[in-house]
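What follows is a short report on a single structure.
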Amino acid sequence: MTRLNYHATRFMTSAPTLATCPPDAGHEVAFAGRSNAGKSSAINALTQQKALARTSKTPGRTQLINFFSVGDDTQCRLVDLPGYGFAKVPEKVKLEWQRHLAAYLQRRESLQGLVLLMDVRHPLTEFDEMMLGWADEQDMPVHILLTKADKLKPGAAKNSLLQVRRRLREWEDLVSVQLFSALKKQGLDEARSRLDAWLAPSAAEPLE
1 MTRLNYHATR
11 FMTSAPTLAT
21 CPPDAGHEVA
31 FAGRSNAGKS
41 SAINALTQQK
51 ALARTSKTPG
61 RTQLINFFSV
71 GDDTQCRLVD
81 LPGYGFAKVP
91 EKVKLEWQRH
101 LAAYLQRRES
111 LQGLVLLMDV
121 RHPLTEFDEM
131 MLGWADEQDM
141 PVHILLTKAD
151 KLKPGAAKNS
161 LLQVRRRLRE
171 WEDLVSVQLF
181 SALKKQGLDE
191 ARSRLDAWLA
201 PSAAEPLE
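Take the sequence shown: its position 97, counted from the start at 1, is 97 in the UniProt record's numbering, and no numbers get skipped.
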C-alpha cells in the first residue's frame, strides 16, 4: 500500500502569525512541544534528514511557524510550531507565542492532527496539558511522542508510557501515545503510519 515519502519533505516558508501562513487548503499535521522535548530531532528523524528542522540558540527564530511540504505537493504539509516553556524568555513574549499557537490550533481548517512531543522522563507538564486542552476544545486528534526513550531502561520507559495512557484515559478517543527515540530510530514506523492516516487517508494503512 502506498506510503508518503517523508524523505522528500522540503522547507516551504516561515510565518510569524496565522495571517501570514500559507493558504489554508489541503492537509497538514503540526508538531508541538516544549523547547527541550526533541521536536526538531524528531522531525529530522521522521524525514531522514539531518537539518530540515533546525534548532536555534536565539528565541526569535523559534517563534516562527515553519511549514514543510511532503515532496512536491504543497497540499500535504508538516508544520513545526514554536517551542513553548522557555525559562529565559520574558513572560510577555511567552504569552504572545501562546496566543499565536492558540489561534493556529483553533482556526486552521487544514490541520488534521497534532503531534505532541514530551520528554519521556518529564511528561504532561502544564504546557503539555494546555496544548491538550486546546486540542480537546477543537476535537483535534493528538498523537503523543514520548521522546528520548533511549534515556531510560526499557522497563522504565514502558512504565512511563503506561502512566501517561492512564492519565489521559478520558481523552482516549482523541489521544494516542507511543515511545520514540530519534537517536535510536525507535518508533519511526508507528509515527509515520499516524502521519499517513492524517495526511493521506486513502493511502494509509488502517490504524488500530
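All residues carry an ideal CB built from backbone N, CA and C; glycine is no exception. Just so we're clear, the structure is a prediction, and the values are computed from it rather than from any experiment.
Distance from Leu162 to Val115 at the Cβ level is roughly 20 Å; contact not present, criterion being Cβ atoms closer than 8 Å. An exposed status is given to Leu95, since fewer than 16 other beta-carbon atoms sit within 10 Å of its beta-carbon. Within the stretch 80 to 159, complete beta strand (DSSP E) segments of at least 3 residues are found at 111 to 119, 142 to 147, given in chain order. Here the stretch 14 to 25 makes no contact with the stretch 182 to 193; the two share fewer than three CB pairs at distances below 8 Å. Contact annotation: Tyr6 and Val70 have beta-carbon atoms nearer than 9 Å. From the listed residues Ile43, Pro154, Gly26, His27, the smallest Cα separation to Gly33 is found for Ile43. In the three-state scheme derived from DSSP, where H, G and I count as helix and E and B as strand, Asp73 is classed as strand.
For the pair Thr147 and Ser14, the CB atoms are not nearer than the 9 Å cut-off. Spatial neighbours of Pro201 in its own chain (CB-CB distance under 7 Å, excluding positions within 5 residues in sequence) are not present. For a cut-off of 8 Å, the C-beta gap from Ala102 to Trp134 is around 6 Å, short enough to register as a contact. Taking C-beta atoms as the reference points, His143 and Ser110 fail to come closer than 9 Å. Each of Trp97, Pro154, Ser193, Leu132 was checked against the Cα of Arg169, and the nearest Cα belongs to Leu132. In this structure Val29 is in contact with Trp198, their Cβ atoms being roughly 5 Å apart against a cut-off of 8 Å. In this structure, Ala25 is the residue among Ala37, Ala8, Thr9, Ala25 with its C-alpha nearest to the C-alpha of Arg107. About 12 Å separates the beta carbons of Arg54 and Phe68, which is beyond the 8 Å limit, so they are not a contact pair. Arg167 and Pro123 have their C-alpha atoms spaced approximately 11 Å apart. Residues of the same chain with a CB within less than 6 Å of the CB of Gly113, apart from the 5 flanking positions on each side, are Val29, Pro141, Trp198 in chain order. Per DSSP, the continuous beta strand (DSSP E) segment holding Arg10 begins and ends at 9 to 15. Counting along the chain, Ser193 sits inside the alpha helix (DSSP H) bounded by residues 188 to 199. For Arg34, the beta-bridge partners assigned by DSSP are Tyr84.
A straight line joining the alpha-carbon of Pro22 with that of Arg10 spans about 14 Å.
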